[in-house]
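Just below is one structure, and these are the notes that go with it.
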Amino acid sequence: MIPLKKVGFLVNPIAGMGGAVGLKGTDGLAAEAVARGAVPVSPRRAEIALAELSGVDALFLTAGGDMGESALRKSGQRYQVVYRPPQEPTAEDTQKASSTFIEEGVDLIVFCGGDGTARDVSEVAGLQAPIIGIPAGVKMQSGVFAVSPKAAGELVRGYLEEGLLIRETEIVDVDEEKYRAGTLDTKIYGIAATPYKPALVQERKQIYSSRNEEEFKEEIAVFASEFMRDGSAYILGAGTTTAKIAELLGAEKTLLGVDVIQNGRTICRDASERDLLRVIDDEGRAKIIVSPIGAQGFVLGRGSQQISPEVLRRAGPENLIIVATPHKLKETPHLLVDTGDQKLDETISGRRQVICGYRIAQLKDVEASSRVGMDQSGSF
Amino acid sequence: MRTKILLDEEEMPKRWYNVAADLLTPLDPPLHPQTGEPLKPEDLEMIFPKGLIRQEMSMERWIEIPDEVRDILRLWRPTPLFRAHRLEEHLKTPAKIYYKYEGVSPAGSHKPNTAVPQAYYNMKEGIERIATETGAGQWGSALSMATSFFELECRVYMVRASFDQKPYRKSIMQVWGAECVASPSELTNAGRMILKEHPDTGGSLGIAISEAVEDAATHDNTNYALGSVLNHVLLHQTVEGQELKAQLAIVDDYPDVIYGCVGGGSNFPGMVFPFVPDKLKENKEIRMVACEPSACPTLTKGLFTYDFGDTARLTPLLKMYTLGHDFIPPSIHAGGLRYHGDAPLLCNLVHDRVIEAMSFHQNEVFKAAVTFARTEGILPAPEASHALKPAIDDAIACKKTGEEKTIVISLSGHGHFDLSSYDAYFAGNLVDYEYPEELVKQSLAKVPKF
Numbered sequence: 034m035i036p037l038k039k040v041g042f043l044v045n046p047i048a049g050m051g052g053a054v055g056l057k058g059t060d061g062l063a064a065e066a067v068a069r070g071a072v073p074v075s076p077r078r079a080e081i082a083l084a085e086l087s088g089v090d091a092l093f094l095t096a097g098g099d100m101g102e103s104a105l106r107k108s109g110q111r112y113q114v115v116y117r118p119p120q121e122p123t124a125e126d127t128q129k130a131s132s133t134f135i136e137e138g139v140d141l142i143v144f145c146g147g148d149g150t151a152r153d154v155s156e157v158a159g160l161q162a163p164i165i166g167i168p169a170g171v172k173m174q175s176g177v178f179a180v181s182p183k184a185a186g187e188l189v190r191g192y193l194e195e196g197l198l199i200r201e202t203e204i205v206d207v208d209e210e211k212y213r214a215g216t217l218d219t220k221i222y223g224i225a226a227t228p229y230k231p232a233l234v235q236e237r238k239q240i241y242s243s244r245n246e247e248e249f250k251e252e253i254a255v256f257a258s259e260f261m262r263d264g265s266a267y268i269l270g271a272g273t274t275t276a277k278i279a280e281l282l283g284a285e286k287t288l289l290g291v292d293v294i295q296n297g298r299t300i301c302r303d304a305s306e307r308d309l310l311r312v313i314d315d316e317g318r319a320k321i322i323v324s325p326i327g328a329q330g331f332v333l334g335r336g337s338q339q340i341s342p343e344v345l346r347r348a349g350p351e352n353l354i355i356v357a358t359p360h361k362l363k364e365t366p367h368l369l370v371d372t373g374d375q376k377l378d379e380t381i382s383g384r385r386q387v388i389c390g391y392r393i394a395q396l397k398d399v400e401a402s403s404r405v406g407m408d409q410s411g412s413f
Numbered sequence: 028m029r030t031k032i033l034l035d036e037e038e039m040p041k042r043w044y045n046v047a048a049d050l051l052t053p054l055d056p057p058l059h060p061q062t063g064e065p066l067k068p069e070d071l072e073m074i075f076p077k078g079l080i081r082q083e084m085s086m087e088r089w090i091e092i093p094d095e096v097r098d099i100l101r102l103w104r105p106t107p108l109f110r111a112h113r114l115e116e117h118l119k120t121p122a123k124i125y126y127k128y129e130g131v132s133p134a135g136s137h138k139p140n141t142a143v144p145q146a147y148y149n150m151k152e153g154i155e156r157i158a159t160e161t162g163a164g165q166w167g168s169a170l171s172m173a174t175s176f177f178e179l180e181c182r183v184y185m186v187r188a189s190f191d192q193k194p195y196r197k198s199i200m201q202v203w204g205a206e207c208v209a210s211p212s213e214l215t216n217a218g219r220m221i222l223k224e225h226p227d228t229g230g231s232l233g234i235a236i237s238e239a240v241e242d243a244a245t246h247d248n249t250n251y252a253l254g255s256v257l258n259h260v261l262l263h264q265t266v267e268g269q270e271l272k273a274q275l276a277i278v279d280d281y282p283d284v285i286y287g288c289v290g291g292g293s294n295f296p297g298m299v300f301p302f303v304p305d306k307l308k309e310n311k312e313i314r315m316v317a318c319e320p321s322a323c324p325t326l327t328k329g330l331f332t333y334d335f336g337d338t339a340r341l342t343p344l345l346k347m348y349t350l351g352h353d354f355i356p357p358s359i360h361a362g363g364l365r366y367h368g369d370a371p372l373l374c375n376l377v378h379d380r381v382i383e384a385m386s387f388h389q390n391e392v393f394k395a396a397v398t399f400a401r402t403e404g405i406l407p408a409p410e411a412s413h414a415l416k417p418a419i420d421d422a423i424a425c426k427k428t429g430e431e432k433t434i435v436i437s438l439s440g441h442g443h444f445d446l447s448s449y450d451a452y453f454a455g456n457l458v459d460y461e462y463p464e465e466l467v468k469q470s471l472a473k474v475p476k477f
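Taken in order, these protein sequences are the chains called X and P. Going by our numbering, the first sequence opens with residue 34, and the numbers climb by one from there. Going by our numbering, the second sequence opens with residue 28, and the numbers climb by one from there.
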């Protein structure tokens with residue numbers, strides 16, 4: 034008999050409340066949001082996702098009250114409360130509950146919230162259990178989020194019943210304090226595992242068969258390892274695709290930082306903007322490899338601030354190489370750049386080759402995010 | 028206003044034209060895959076009949092078509108030449124657009140032109156079974172029909188991406204008595220090795236060729252057949268160009284330019300080779316333009332060098348434009364054009380600048396295909412549509428110059444099995460692939476040469 038699948042289920046009851054009242058995130062501001070008239074959005078979204086799961090054969094482990102229990106009770110799912118928050122739930126409770134899920138050996142963690150919640154869950158879960166996010170936050174740039182609560186439900190069912198493939202993706206968040214002050218500073222906080230039904234699913238037979246996204250990362254890495262033999266210094270941006278290149282070369286790479294590789298060796302680890310400028314000066318030239326980060330397809334300006342306008346200008350925009358799996362390209366209508374220098378952004382934007390496999394590229398529109406407008410670029 | 032220019036059955040060509048006799052630079056010989064020495068006829072006897080090997084190596088300008096072969100070609104040949112009045116009107120062009128349509132064959136493409144003689148020569152030499160590969164399914168279908176006419180068994184290794192995309196190709200091969208399997212398969216060593224490494228691969232023509240060659244080499248009384256690339260295949264296709272010339276003569280016209288799609292090379296060379304002596308010896312100003320996908324731009328971006336014809340390095344080394352035998356082109360919808368190399372005869376003429384090459388993205392190609400279908404009615408195959416794109420552009424350019432250019436399109440087949448591709452186009456799901464030429468060159472610069 035197949036053992037019953039266990040799913041950790043968690044709702045951040047205050048997620049998303051700040052958005053409607055102009056707070057750009059709710060961290061530390063729940064009381065303020067309520068005072069401004071915000072109503073909880075996440076419980077409703079959790080219920081929509083759960084509605085997609087009727088009849089699913091799984092045991093849900095959850096936290097008490099608004100943190101999951103109430104939604105599960107309404108849905109009629111089989112569940113067990115394994116953690117109770119002592120008072121009003123906080124980020125710490127999200128982490129404690131997640132940690133209990135991992136101890137219980139869950140097959141999957143499903144949470145309802147935003148990037149902050151994703152960070153809390155993934156910090157504890159790491160790659161020990163795959164994570165699916167039901168989108169309910171103000172910001173949802175991390176790659177674990179399904180496109181809608183309904184899609185999240187379908188994804189959970191797909192994973193439990195059909196065993197979907199797993200990919201590694203970035204957990205991304207902006208610093209809310211800075212963001213409220215007008216600076217957008219996105220950082221990669223970690224890497225999580227997440228199941229995916231390729232957005233390609235309707236045509237998967239025609240285009241990629243059921244090929245695993247990781248295989249494409251490998252293909253890209255093999256190709257990169259070939260063209261990187263030219264002796265140039267290569268500045269590698271953050272993310273799992275560029276990490277794969279370093280892995281294949283046997284070079285050390287910080288997953289969340291920017292590193293410089295030359296002739297198969299890491300010559301500068303976790304480089305700052307100043308380090309990068311120095312490398313370019315020393316070498317006389319450098320090439321830059323970046324990959325879109327998170328769900329919105331930012332290749333520059335979010336997550337890799339070290340690759341600054343100055344670095345790009347000195348390396349030359351023609352030496353910018355973009356790499357991305359076909360899966361990622363399918364999910365983002367266009368790639369975005371936001372270096373903070375509008376003129377440079379416009380130089381880089383346009384139809385560009387994006388390396389997506391072994392000796393294969395796609396033509397993709399790269400746009401300056403200032404032109405796209407914040408609203409279209411995501412959930413801001 | 029004449030729309031269809033038809034030839035009588037008796038006007039069907041009685042000889043094939045061998046362009047090898049008229050090249051500017053002699054063809055570099057194929058090399059043995061193990062020894063690297065020029066291939067001898069007996070090296071090929073394990074998988075090809077002598078009749079075809081003679082043609083493969085022949086330097087004679089004209090070769091007789093056997094009556095038994097002509098009797099079968101008669102079922103659909105001569106194929107019609109159309110004047111595209113409605114397309115011209117739609118484009119408001121002063122250019123004269125013609126298209127020679129090979130989709131009238133029972134298999135729906137030009138491929139039976141060589142499938143029939145290949146099956147015939149095998150039958151004549153007592154072969155009982157043929158193994159082959161197919162990309163989009165056109166060649167597999169054509170050979171299935173041809174082998175059924177001569178009562179031979181046939182197994183077709185079909186590139187998995189196409190196999191899944193066009194399930195009815197398998198069905199039609201079954202009707203003609205052939206067995207169609209998805210490649211890579213578990214039936215050969217080459218297939219099993221690929222599957223072990225890439226269990227979910229969509230396959231490629233290079234892999235399928237490895238499987239079919241291995242099948243032929245390891246089965247009794249079994250030969251291999253190839254639907255493009257080889258000299259004898261291109262030879263058989265020259266019935267097309269000879270007819271075209273005769274048909275244009277009826278309306279007192281001659282092409283300024285001929286556009287045709289190229290995968291490995293068979294339809295396009297067949298259409299243009301009979302015009303090569305006109306250009307070389309009579310100084311006719313005719314452009315012959317090979318049209319290929321940007322995702323697999325062999326002639327426009329490949330290297331002109333010796334390379335293997337297949338992934339497993341079983342075939343002889345051919346001097347050709349190549350993207351590398353280990354290159355698996357992205358799964359574009361023109362599956363028949365996904366081949367890393369090209370016919371040596373065609374490459375020779377491209378290298379000597381007798382023939383030109385251009386490449387196109389699939390979205391612009393489908394756009395041209397839809398324009399064509401909505402004006403001329405025929406639903407073209409995605410492969411064939413690669414020739415429509417530049418022809419339409421050319422005709423539009425004539426609006427500005429006022430030139431009454433004669434544009435000929437080699438329309439190699441219909442797209443009735445490709446409707447899911449049209450669906451994907453309308454749904455906005457087609458990806459425009461590119462070949463990252465600079466980075467590939469950079470990577471090849473440091474790779475040890477074979």
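All residues carry an ideal CB built from backbone N, CA and C; glycine is no exception. All of these numbers come straight from a predicted model, not from anything done at the bench.
- Against chain P, the beta carbon of X/Leu281 has no neighbour under 9 Å; the closest one sits roughly 13 Å away.
- Of the candidates P/Ser198, P/Arg401 and P/Ala411, the residue whose Cα lies closest to the Cα of P/Gly290 is P/Ala411.
- Between P/Pro65 and X/Asp371, the alpha-carbon positions lie close to 57 Å from each other.
- When the beta-carbon positions are compared, P/Ser439 and P/Asn294 come within less than 8 Å of each other.
- In terms of Cβ geometry, P/Cys207 and P/Lys197 form a close pair [threshold 8 Å].
- In the DSSP assignment, X/Lys320 falls within the unbroken beta strand (DSSP E) covering Lys320 to Val323.
- One finds nothing in chain X with a Cβ atom closer than 9 Å to the Cβ of P/Tyr126; even the nearest lies about 27 Å away.
- Under the three-state reduction of DSSP, P/Asn250 is assigned to strand.
- X/Ala96 carries a strand assignment under DSSP once its states are collapsed to helix, strand and coil.
- The Cβ-Cβ distance between X/Pro73 and X/Met100 does not fall below 8 Å.
- Scanning its chain for C-beta atoms nearer than 8 Å, with the 5 sequence neighbours on each side dropped, one finds around X/Tyr229 the residues Leu188, Leu197, Leu198, Ile199, Arg200, Glu246 and His360, in chain order.
- Residue environment: P/Met28 is assigned as exposed (fewer than 16 neighbouring CB atoms within 10 Å of its CB, all protein chains considered).
- For X/Gln395, the uninterrupted beta strand (DSSP E) segment begins and ends at Ile393 to Ala401.
- Per the DSSP secondary-structure output, P/His441 pairs in a beta bridge with P/Pro407.
- In the assembly as shown, P/His441 is a buried residue. Its beta-carbon has 16 or more other beta-carbons within 10 Å.
- Assignment of beta-bridge partners to P/Ile157 by DSSP yields P/Cys181 and P/Asn250.
- For secondary structure counted as the alpha helix (DSSP H) over 4 or more consecutive residues, the stretch 128-207 of chain X holds these complete runs in sequence order: 148-158 and 182-195.
- Of all residues in the stretch 339-356 of chain P, only Leu350, Gly351, Asp353, Phe354, Ile355 and Pro356 come within less than 9 Å of chain X when Cβ atoms are compared, listed by chain position.
- In the structure shown, P/Lys427 falls within a helical segment according to DSSP collapsed to helix, strand and coil.
- For P/His225, the closest C-alpha among the options P/Ser437, P/Met150, P/Asp49 and P/Arg187 is that of P/Arg187.
- Taking C-alpha positions only, P/Lys77 is separated from P/Ala243 by approximately 15 Å.
- In the three-state DSSP reduction, P/Phe393 falls in the helix class (H, G or I).
- Within chain X, the residues whose beta carbon sits less than 9 Å from that of P/Leu466 are Phe256, Ala257, Glu259, Phe260, Ile354, Gln386, Ile388, Arg392 and Ala394, listed in sequence order.
- Taken in chain order, the whole alpha helix (DSSP H) runs of length 4 or more contained in the stretch 245-331 of chain P are 258-277, 294-299, 303-308 and 325-328.
- Residue pairing by DSSP places X/Gln386 opposite X/Leu396 in a beta bridge.
- Assignment of beta-bridge partners to P/Tyr333 by DSSP yields P/Lys346.
- Between the alpha carbons of P/Thr338 and X/Ser75 lies a gap of roughly 53 Å.
- Taking P/Glu83 as reference, the option from P/Lys31, P/Pro57, P/Ile99 and P/Arg401 with the minimal CA-CA separation is P/Pro57.
- Runs of the beta strand (DSSP E) lying entirely within the stretch 279-356 of chain X and spanning at least 3 residues, in chain order: 292-295, 298-301, 320-323, 331-333 and 353-356.
- Following the DSSP letters along the chain, one finds P/Gly167 inside the alpha helix (DSSP H) bounded by residues Gln165 to Phe176.
- Between X/Val344 and X/Ile388, the CB-CB gap reaches or exceeds 8 Å.
- Of the candidates X/Ala169, X/Leu62 and X/Phe144, X/Ala169 places its Cα closest to the Cα of X/Gly49.
- Membership of P/Met385 in the beta strand (DSSP E) is indicated by the continuous run Glu383 to Phe387.
- X/Ser175 places its beta carbon less than 8 Å from that of X/Ile204.
- Within the same chain, and ignoring the five residues on either side of X/Pro325 in sequence, the residues whose Cβ sits closer than 7 Å to its Cβ are Phe331, Val332, Ala357, Lys361, Thr365 and Leu368.
- Of the residues assessed, P/His388 falls on the buried side of the cut-off, its CB having 16 or more other CB atoms within 10 angstroms.
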